[in-house]
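Visitor: Residue 224 in this note's numbering sits at position 139 of the sequence shown, and the numbers go up by one each step.
Every residue, glycine too, gets a C-beta built ideally from N, C-alpha and C.
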Amino acid sequence: MPEHDENTWGGRVARYARVGTAVGGLAARLAGERVLGIRVERERHAAELRAALGGLKGPLMKVAQILSTIPDALPKEYTQELAQLQADAPSMGWPFVKRRMASELGPNWQSRFRSFEHTAAAAASLGQVHKAVGPDGRELACKLQYPDMASAVEADLRQLGLIFAIFERTDSAISTRQIQKEIGARLREELDYEREAKHARLYQSMLAGTQGVHVPDVVPELSSKRLLTMGWVHGRKILEFVAEHPEARDELAMNMFRAWYVPFYNYGVIHGDPHLGNYTVRPDRSINLLDFGCIRVFKPSFVKGVIDLYNALRTENREQAVEAYRTWGFVNPSNELVDVLNIWARFVYAPIMEDRQRKIEETNGGHYGRETAGKVHAELRRVGGVEIPREFVFMDRTAVGLGSVFLHLKAELNWYQMFQGLIRDFDVDVLAARQSAALAAQGLPQAE
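Now the structure itself:
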């Protein structure tokens with residue numbers, strides 16, 4: 086669809102009609118399966134759903150990518166198809182970009198840059214990035230949000246609610262109420278580029294002095310609620326770099342580990358988007374972090390619960406495990422439910438259980454992961470299902486996403502020693518004070 090049509094009211098109606106048709110078709114098929122005993126061809130319909138979503142330039146595509154990384158959020162036929170969605174989307178053309186930039190920086194916006202490239206350097210679900218040069222000669226990355234994204238997010242979240250409702254009527258293993266709330270909250274935050282600028286500065290502060298990780302500077306005078314300008318950082322895609330420098334696998338994995346988990350265990354903050362496109366590699370093998378829209382701040386007690394569950398699994402301390410799950414938001418977990426949750430927890434924690442060098446895929450490869458997820462799903466159905474707490478959604482997604490990165494890298498490290506180095510001096514009260522000060526310094530709200 087041409088750019089001017091896609092961004093009109095009629096274009097948006099057509100957009101949701103395409104998705105609505107796909108979702109409605111799914112509803113009809115599942116109803117037929119339940120009432121008439123007709124078997125749904127889920128593989129075929131999943132491909133149809135992906136085709137409908139893949140043509141979109143908006144948040145529903147991002148939601149689909151999120152769901153594809155959360156175990157058991159959707160049936161495997163759908164996650165396999167949705168995982169194939171690409172992050173890049175059709176970009177806005179130059180005439181439209183000029184109008185959008187004028188709305189953010191004023192009619193004379195071009196005079197504030199030495200140059201501004203007409204073609205987007207990258208296009209994603211909520212906006213696109215243009216390379217520019219500032220008045221001082223500095224290279225810049227200008228992320229410009231697509232028009233009317235707030236209404237698109239709300240419409241897409243309503244579609245998501247319909248999809249979830251359909252699946253809950255056919256499968257009682259997982260209640261998706263809290264998953265929907267969490268995804269909605271994070272997507273709405275991603276619309277606010279002023280908040281993302283604060284997140285970027287927060288990450289600069291948290292990772293200051295951390296070896297092998299870089300966060301670009303924010304340029305506030307060239308930023309707004311829908312435009313985020315940062316310093317341009319040079320780097321190559323991770324898998325491209327590894328293909329030419331296979332000896333760098335372990336060092337890159339260590340840098341990614343630090344980038345993700347130093348903020349979590351020191352400040353209770355995690356980067357919730359494990360997409361490989363959000364990271365690039367410098368020639369010295371250090372990592373650039375490029376996107377700070379999807380950031381999750383946890384209560385200090387949640388971080389303590391992560392460590393407590395690890396210790397509970399190592400020492401087979403059932404009472405400590407139950408308390409950790411309560412801390413995460415599982416309400417009065419039964420003994421049966423704890424047993425099921427422990428199956429998944431042992432899978433996720435497996436790489437940091439043994440003090441030796443090892444590859445992630447020894448216990449966390451794709452085949453074993455699917456087997457584990459299938460077993461957990463069946464057991465959850467047997468014990469009456471579970472409502473996943475909000476806080477658990479992105480922590481689980483990030484752990485799985487980071488594991489996927491390490492699988493791609495084929496890194497072989499002593500994950501146990503790396504983890505122990507992060508938690509050795511852990512003190513929940515110290516973390517609480519450190520987190521509160523860091524958030525306040527950037528004008529960010531305290532943990533929910």
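Thinking C-alpha only, which one of R441, F477, Q442, T400 is nearest W429?
Guide: Translated into positions along the sequence shown, residue 429 becomes position 344. The shortest C-alpha separation from W429 is found at F477.
Visitor: Assuming W345 and T448 form a contact by the criterion Cβ under 8 Å, report the distance between their Cβ atoms to the nearest whole angstrom.
Guide: If you number the sequence shown from 1, residue 345 lands on position 260. If you number the sequence shown from 1, residue 448 lands on position 363. That belief does not hold up - the Cβ atoms of W345 and T448 are roughly 19 Å apart, past 8 Å.
Visitor: Can you tell me which of the three DSSP states L374 falls into?
Guide: On the sequence shown, residue 374 is found 289 positions in, with the first residue counted as 1. The answer is strand: DSSP assigns L374 an E or B state.
Visitor: Need the endpoints of the beta strand (DSSP E) that R381 sits in, please.
Guide: Here residue 381 refers to the residue found at position 296 when the sequence shown is read from its first residue. From DSSP, the beta strand (DSSP E) with R381 extends over 380-382.
Visitor: Which partner residues does A463 have in the DSSP bridge list?
Guide: Here residue 463 corresponds to residue number 378 of the sequence shown, with the count starting at 1. None; A463 has no bridge partner.
Visitor: Determine the direct distance from the alpha carbon of S489 to that of L552, and round the result to whole angstroms.
Guide: Outside the displayed span of the chain (86 to 533) sits residue 552, for which this structure offers no information.
Visitor: Mind checking P192: buried by the 16 CB within 10 Å criterion, or exposed?
Guide: What you label residue 192 is simply residue 107 of the sequence shown in a count that begins at 1. Classification for P192: exposed.
Visitor: Between G378 and E275, is the Cβ-Cβ spacing less than 7 Å?
Guide: Within the sequence shown, numbered from 1, the residue matching residue 378 stands at position 293. Within the sequence shown, numbered from 1, the residue matching residue 275 stands at position 190. Yes, the Cβ-Cβ distance between G378 and E275 is below 7 Å.
Visitor: Kindly confirm or deny that the segment 282-295 and the segment 345-364 touch, where touching means at least three C-beta pairs closer than 8 Å.
Guide: yes
Visitor: Shortest alpha-carbon distance to P436 belongs to which of L211, R370, E239, E497?
Guide: The residue you call residue 436 lines up with position 351 of the sequence shown. Answer by Cα proximity: E497.
Visitor: When you compare the segment 361-371 with the segment 386-406, are there three or more beta-carbon pairs, one atom per stretch, that lie closer than 8 Å?
Guide: no
Visitor: Do you know whose CA, among L529, Q296, R509, lies nearest I380's CA?
Guide: Counted from its first residue, the sequence shown places residue 380 at position 295. The shortest C-alpha separation from I380 is found at L529.
Visitor: Give every residue of the same chain whose Cβ lies closer than 7 Å to the Cβ of R321, excluding the five residues on either side of it in the sequence, and list them in chain order.
Guide: Residue mapping note: residue 321 aligns to position 236 of the sequence shown, counting from 1. So the qualifying residues of the chain are T365, V366.
Visitor: Pick out whichever of H462, Q505, R411 has its Cα sitting closest to the Cα of F342.
Guide: Translated into positions along the sequence shown, residue 342 becomes position 257. Sorting H462, Q505, R411 by C-alpha distance to the C-alpha of F342 places Q505 at the top.
Visitor: Sorted by chain position, which residues of the same chain lie with C-beta nearer than 8 Å to L398's C-beta, five sequence neighbours on each side aside?
Guide: As a working note, residue 398 is residue 313 in the sequence shown. Result list for L398: A406, N427, A430, R431, Y434, M438, in chain order.
Visitor: Express the C-alpha separation of E472 and R262 in angstroms, rounding to a whole number.
Guide: Indexing the sequence shown from 1 puts residue 262 at position 177. Indexing the sequence shown from 1 puts residue 472 at position 387. Taking the straight line joining both Cα atoms gives about 7 Å.
Visitor: Work out the CA separation of P331 and L494 for me, nearest whole Å.
Guide: Taking the sequence shown and counting its residues from 1, the one referred to as residue 494 is at position 409. Taking the sequence shown and counting its residues from 1, the one referred to as residue 331 is at position 246. Distance between the alpha carbons of L494 and P331: 9 Å.
Visitor: For V354, count the other beta carbons within 10 Å of its own beta carbon; 16 or more makes it buried, fewer makes it exposed. Which is it?
Guide: Position 269 of the sequence shown, counting from 1, holds the residue named residue 354. V354 is buried by the Cβ-count criterion.
Visitor: According to DSSP, simplified to helix, strand and coil, what is R124?
Guide: Residue 124 sits at position 39 when you count from the first residue of the sequence shown. With a pLDDT of 48 at R124, under the threshold of 50, the modelled position of this residue cannot be trusted; read the value that follows with caution. Three-state DSSP puts R124 in coil, outside helix and strand.
Visitor: Would you identify the three-state DSSP class for L292, choosing helix, strand or coil?
Guide: Against the sequence shown, residue 292 aligns to sequence position 207. Note: L292 maps to coil in three-state DSSP.
Visitor: Using a threshold of 7 Å, state whether the C-beta atoms of A217 and F201 are closer than that.
Guide: Locating residue 217 in the sequence shown gives position 132, where the first residue counts as 1. Locating residue 201 in the sequence shown gives position 116, where the first residue counts as 1. Yes, these two residues count as a Cβ contact at 7 Å.
Visitor: Since I believe S236 is in contact with A208 (beta carbons under 8 Å), could you give me their beta-carbon distance rounded to a whole number of angstroms?
Guide: Against the sequence shown, residue 208 aligns to sequence position 123. Against the sequence shown, residue 236 aligns to sequence position 151. That belief does not hold up - the Cβ atoms of A208 and S236 are roughly 20 Å apart, past 8 Å.
Visitor: Quick one: Cα of K310 to Cα of D277, how far?
Guide: As a position in the sequence shown, residue 310 is number 225, starting the count at 1. As a position in the sequence shown, residue 277 is number 192, starting the count at 1. Between K310 and D277, the C-alpha separation is close to 6 Å.
Visitor: Would you mind listing the beta strand (DSSP E) stretches within the segment 380-455 that are 3+ residues and don't spill past its ends, in chain order?
Guide: 380-382
Visitor: For D481, tell me which candidate among K460, L307, D221, I264 has the shortest Cα-Cα distance.
Guide: The sequence position of residue 481 within the sequence shown is 396, counting from 1. Comparing Cα positions, the closest option is I264.
Visitor: Given that a residue counts as buried once 16 or more other Cβ atoms are within 10 Å of its Cβ, and exposed if not, what is A285?
Guide: Here residue 285 refers to the residue found at position 200 of the sequence shown. Buried, by the Cβ-count rule.
Visitor: For A532, count the other beta carbons within 10 Å of its own beta carbon; 16 or more makes it buried, fewer makes it exposed. Which is it?
Guide: The residue given as residue 532 occupies position 447 in the sequence shown. By the neighbour-count rule (16 or more Cβ atoms within 10 Å), A532 is buried.
Visitor: On a CA-only basis, which of L337, A187, D369, E224 is nearest I301? Give me that one, please.
Guide: Translated into the one-based positions of the sequence shown, residue 301 becomes position 216. Correcting the residue type first, residue 301 is Pro in the shown sequence and not Ile. The shortest C-alpha separation from P301 is found at E224.
Visitor: Using only the alpha-carbon positions, how far apart do P84 and P220 sit?
Guide: Here the chain comprises residues numbered 86 to 533, so residue 84 is not present and cannot be evaluated.
Visitor: Going by the beta-carbon positions, is the gap between H599 and N373 smaller than 7 Å?
Guide: There is no way to answer for residue 599, as the model of the chain reaches only from 86 to 533.
Visitor: By Cβ distance below 6 Å, which residues in the same chain neighbour V182 in space, the five residues on each side in sequence not counted?
Guide: Position 97 of the sequence shown, counted from the first residue, corresponds to residue 182. Nothing listed; no residue qualifies.
Visitor: What does the alpha-carbon distance come out to for the pair S188 and L524?
Guide: For this step, residue 188 is matched to residue 103 along the sequence shown. For this step, residue 524 is matched to residue 439 along the sequence shown. For S188 and L524, the distance between alpha carbons rounds to 30 Å.
Visitor: Hey, how far is the Cα of G297 from the Cα of I323?
Guide: Taking the sequence shown and counting its residues from 1, one reaches residue 297 at position 212. Taking the sequence shown and counting its residues from 1, one reaches residue 323 at position 238. If I take the Cα positions, the gap works out to 14 Å.
Visitor: With a cut-off of 8 Å on the beta carbons, I'd call I445 and F491 a contact; round off their distance for me.
Guide: In the sequence shown, the residue the question calls residue 445 occupies position 360. In the sequence shown, the residue the question calls residue 491 occupies position 406. That pair is a contact at about 4 Å.
Visitor: Can you tell me whether DSSP reads A217 as helix, strand or coil?
Guide: On the sequence shown, residue 217 is found 132 positions in, with the first residue counted as 1. Under the three-state reduction of DSSP output, A217 falls in the strand class.
Visitor: For S419, which residues of its own chain have a beta-carbon under 8 Å away from its beta-carbon, when the five flanking residues on both sides are left out?
Guide: Here residue 419 refers to the residue found at position 334 when the sequence shown is read from its first residue. Around S419: V468.
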